[in-house]
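First to last, the sequence lines map onto chains Y and S.
Here my numbering is used: position 49 in the first sequence is 49, and no number is missing along the way.
Here my numbering is used: position 261 in the second sequence is 261, and no number is missing along the way.
To keep things clear, I will list the structure first and then write my remarks on it.
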Amino acid sequence: MRALFGVSSSIAKNVNNASIETIQFAGRNHFEVVELFCEVPDVIPGYINEEKITKIKQLSHNYNIRIQLHAPFHSINLASFNEKVRKLSIKILYDTIKLAHSIDAKLVTFHLGLCFFPCQLYRERANEILIDSLNNLLEIAEEYDIILAMENRGGKLDIGKPEELLEVLRAVNANKYLRITFDVVQANVIGDPLEQYNLLKDYVINAHIRDAPKGRDMLLAVGEGEIDFHSLIRAFIQNNFFGPYIFEVSTKDRAIISRGVFEEILEEIISQKKI
Amino acid sequence: MKMGVSSILCFERTIEECFKFATDFINIEHLDIFCCPPHCDLNAGDRSWLCIKEKLIDFGVSSSIKAPSFVENLISINRDIRELTFNEYAECIKIASKIEADAVIIKAGMMFYPEKRFSVFLKKDFIEKMSKLLDYAKEHEVFLLLENYYYPYEILREPRDFEEMNKLFCYSDFFGFALNIPHLLESGFSVEFLSKKRTIADRIIQVYVGLRPSPWELHNNPKSEVEILTETKKLLKYVSPRFVVIATRSLNVLKKFAEKFGWSGFR
């Protein structure tokens with residue numbers, strides 16, 4: 001199987017035109033997937049204009065690029081005890097699903113939310129709220145035929161540690177519209193990415209690839225940090241996961257370097273396998 | 001100066017039950033209402049707030065409202081989040097007026113990466129929204145107080161942020177600060193800066209005393225108690241706030257702080 005490489009719009013310089021800039025870069029540099037981060041003004045779900053939607057569709061079609069979305073996440077909390085916050089979070093994700101549908105994207109990566117004081121105190125209730133929110137969203141996802149990929153998260157307040165993701169999957173009976181985006185650096189924030197990938201591997205459908213020193217959250221190129229990509233990529237291959245590997249890095253150069261290093265490791269592993 | 005407690009002390013009870021609980025232990029003079037469901041819901045309805053007002057009158061206790069402040073962000077890149085935050089804060093002012101509370105305490109906002117890329121537009125919008133809220137606060141005769149937080153992306157975190165906010169909003173007699181001492185220490189600063197900043201010191205209407213890193217988090221560091229007490233005593237040399245609010249979920253911590261402040265009336 002061939003690996004599928006993609007790039008996040010985190011590489012864009014002009015945030016007012018991040019979507020177009022990223023698709024053009026991806027097309028010219030032979031990436032096959034673009035993940036648009038929907039928190040910059042040109043792609044805010046619910047507010048993006050028709051002209052931009054048409055342009056994204058046309059350009060991605062011309063370059064034969066698959067588009068997927070990363071939903072807004074700051075202040076989004078599907079487990080909020082504040083009903084207005086929870087409803088707004090659902091609405092923003094609903095708008096993201098609709099946007100994905102209108103630009104022919106099939107996958108939306110999202111964050112579950114944050115566990116503040118009330119959630120820490122009443123964890124069970126918070127989980128019920130979260131599952132209720134997710135069930136609402138999964139109905140919408142099914143209607144629009146969009147896969148929702150929850151991202152593993154390493155932040156102190158973030159909901160999205162591996163055990164939490166597995167618990168959520170159990171609670172929604174492993175609904176086929178709910179999968180996981182495995183973020184290598186988020187895993188690195190709290191421990192060993194390989195261990196965490198192995199826990200989640202049956203549900204991983206997309207990966208954010210970047211590097212950082214141990215315990216840190218950064219957007220460095222593969223090889224610039226301390227993550228052991230050899231063992232991780234080996235595990236990806238053993239699990240028949242060939243991507244999309246989305247390079248979620250800070251610059252275009254870092255995206256190209258990351259792909260180069262990733263491909264070298266991949267080739268090495270595949271050739272060892274043949275021997 | 002009145003000594004008060006935050007209703008986070010009895011988060012597992014309703015506000016109404018909180019009066020009974022708190023007054024069983026101490027003669028409270030001021031209650032800072034921690035507006036966070038399920039303990040206290042902004043949208044609880046008039047009847048519930050009127051009931052709280054009656055209790056405040058019965059117990060002879062003044063009050064302030066700490067607005068919801070977890071994901072709220074008046075300077076968010078997302079228009080919907082900015083609107084939700086503005087509406088919640090405006091609602092708090094309305095409720096404060098209804099229950100005759102003295103102040104509403106809000107979080108200024110957070111600037112993450114997308115916000116920093118659009119800081120010119122967002123700061124302009126933030127100033128407009130704050131101005132509207134201050135007009136609303138004036139109309140309802142309620143102080144609108146900005147509280148400092150400690151995460152690096154907070155826009156009111158360090159002394160220079162206090163200066164900037166003060167310059168922007170000091171035109172309003174209803175503008176002020178709620179100085180959160182544990183948050184200030186957690187950010188790596190001391191109250192010392194206020195000794196040279198009279199204009200800011202005069203605007204500190206309320207002070208939060210509690211354990212580090214934050215009274216609004218579940219887990220705190222009990223060892224920070226001595227440091228907090230020292231800072232608070234230092235602060236009170238430069239500042240005369242109207243309310244000093246002890247914010248903790250632990251009755252023991254409340255007791256210790258109250259004793260050290262010479263706050264009599266513990267039963």
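C-beta: ideal position from N, C-alpha, C; glycine also.
What would DSSP say about residue i, mapped onto helix, strand or coil?
{"i": "Y/Arg-216", "result": "coil"}
{"i": "Y/Tyr-197", "result": "helix"}
{"i": "S/Lys-260", "result": "helix"}
{"i": "Y/Asp-253", "result": "helix"}
{"i": "S/Leu-179", "result": "strand"}
{"i": "Y/Leu-130", "result": "helix"}
{"i": "S/Leu-156", "result": "coil"}
{"i": "S/Glu-6", "result": "For the record, residue 6 of chain S in the displayed sequence is Ser; it is not Glu. It is a strand residue."}
{"i": "S/Lys-123", "result": "helix"}
{"i": "Y/Gly-332", "result": "Only positions 1 to 275 of chain Y appear in the structure, and residue 332 of chain Y is not among them; the question remains open."}
{"i": "Y/Leu-137", "result": "helix"}
{"i": "S/Leu-133", "result": "helix"}
{"i": "Y/His-230", "result": "helix"}
{"i": "S/Asn-27", "result": "coil"}
{"i": "Y/Leu-166", "result": "helix"}
{"i": "Y/Thr-22", "result": "helix"}
{"i": "S/Met-1", "result": "coil"}
{"i": "Y/Met-150", "result": "strand"}
{"i": "S/Ala-103", "result": "strand"}
{"i": "S/Leu-144", "result": "strand"}
{"i": "S/Cys-18", "result": "helix"}
{"i": "S/Asn-166", "result": "helix"}
{"i": "S/Arg-267", "result": "Residue confidence is low: S/Arg-267 scores 46 on pLDDT, short of 50, so the model does not pin down where it sits. No coordinate-derived value is stated."}
{"i": "Y/Phe-247", "result": "strand"}
I'd like to know if residue i contacts chain S, where contact means its C-beta is closer than 7 Å to some C-beta of that chain.
{"i": "Y/His-208", "result": "no"}
{"i": "Y/Ser-8", "result": "no"}
{"i": "Y/His-74", "result": "yes"}
{"i": "Y/Phe-247", "result": "no"}
{"i": "Y/Val-34", "result": "no"}
{"i": "Y/Phe-117", "result": "yes"}
{"i": "Y/Leu-88", "result": "yes"}
{"i": "Y/Val-108", "result": "no"}
{"i": "Y/Asn-82", "result": "yes"}
{"i": "Y/Asn-239", "result": "no"}
{"i": "Y/Val-43", "result": "no"}
{"i": "Y/Gln-120", "result": "yes"}
Look at the alpha carbon of residue i and the alpha carbon of residue j, and state the distance between them as a whole number of angstroms.
{"i": "S/Gly-210", "j": "S/Ala-247", "result": "5 Å"}
{"i": "S/Ser-195", "j": "S/Tyr-238", "result": "6 Å"}
{"i": "Y/His-230", "j": "Y/Asp-217", "result": "20 Å"}
{"i": "Y/Phe-37", "j": "Y/Lys-201", "result": "24 Å"}
{"i": "S/Phe-19", "j": "S/Lys-55", "result": "7 Å"}
{"i": "Y/Val-85", "j": "Y/Phe-110", "result": "16 Å"}
{"i": "Y/Lys-252", "j": "S/Ile-77", "result": "24 Å"}
{"i": "S/Ser-214", "j": "Y/Gly-243", "result": "41 Å"}
{"i": "S/Glu-83", "j": "Y/Val-43", "result": "19 Å"}
{"i": "S/Asp-224", "j": "S/Lys-255", "result": "What sits at residue 224 of chain S in the sequence shown is Ser, not Asp. Taking the straight line joining both Cα atoms gives about 15 Å."}
{"i": "Y/Ile-209", "j": "Y/Arg-259", "result": "9 Å"}
For residue i, is the classification buried or exposed, using 16 other Cβ atoms within 10 angstroms of its Cβ as the cut-off for buried?
{"i": "S/Tyr-171", "result": "exposed"}
{"i": "S/Tyr-151", "result": "exposed"}
{"i": "Y/Arg-179", "result": "buried"}
{"i": "Y/Ile-76", "result": "buried"}
{"i": "Y/Ala-174", "result": "exposed"}
{"i": "S/Asn-73", "result": "buried"}
{"i": "S/Met-1", "result": "exposed"}
{"i": "S/Glu-16", "result": "exposed"}
{"i": "S/Glu-186", "result": "buried"}
{"i": "Y/Gln-68", "result": "buried"}
{"i": "Y/Met-1", "result": "exposed"}
{"i": "Y/Gln-186", "result": "buried"}
{"i": "S/Leu-156", "result": "buried"}
{"i": "S/Phe-11", "result": "buried"}
{"i": "Y/Asp-228", "result": "exposed"}
{"i": "S/Gly-188", "result": "exposed"}
Could you check if residue i belongs to the surroundings of the ligand MN, using beta carbon to heavy atom distance under 6 Å?
{"i": "Y/Ile-265", "result": "No copy of the ligand MN occurs in the structure displayed, which carries no ligand at all."}
Is there a Cβ of chain Y sitting closer than 7 Å to that of residue i, yes or no?
{"i": "S/Glu-217", "result": "yes"}
{"i": "S/Pro-241", "result": "no"}
{"i": "S/Cys-36", "result": "yes"}
{"i": "S/Arg-267", "result": "Here the model assigns S/Arg-267 a pLDDT of 46, short of 50, so the residue's position is not dependable, and the following value carries that caveat. By this cut-off, S/Arg-267 is not an interface position."}
{"i": "S/Pro-114", "result": "yes"}
{"i": "S/Arg-82", "result": "no"}
{"i": "S/Pro-68", "result": "yes"}
{"i": "S/Asn-180", "result": "no"}
In the segment 38-93 of chain S, which residue ranges form an unbroken alpha helix (DSSP H) of at least 4 residues, counting only runs that do not cross its ends? For the segment 38-93 of chain S, the continuous alpha helix (DSSP H) assignments of 4+ residues that do not extend past its boundaries occur at 46-59, in sequence order.
Which residue spans inside the segment 184-255 of chain S form an unbroken alpha helix (DSSP H) run of at least 4? Within the segment 184-255 of chain S, the complete alpha helix (DSSP H) runs of at least 4 residues are 198-201 and 225-238.
Taking only runs of the alpha helix (DSSP H) that begin and end inside the segment 53-114 of chain Y, which ones reach a length of at least 4 residues, in chain order? 83-102
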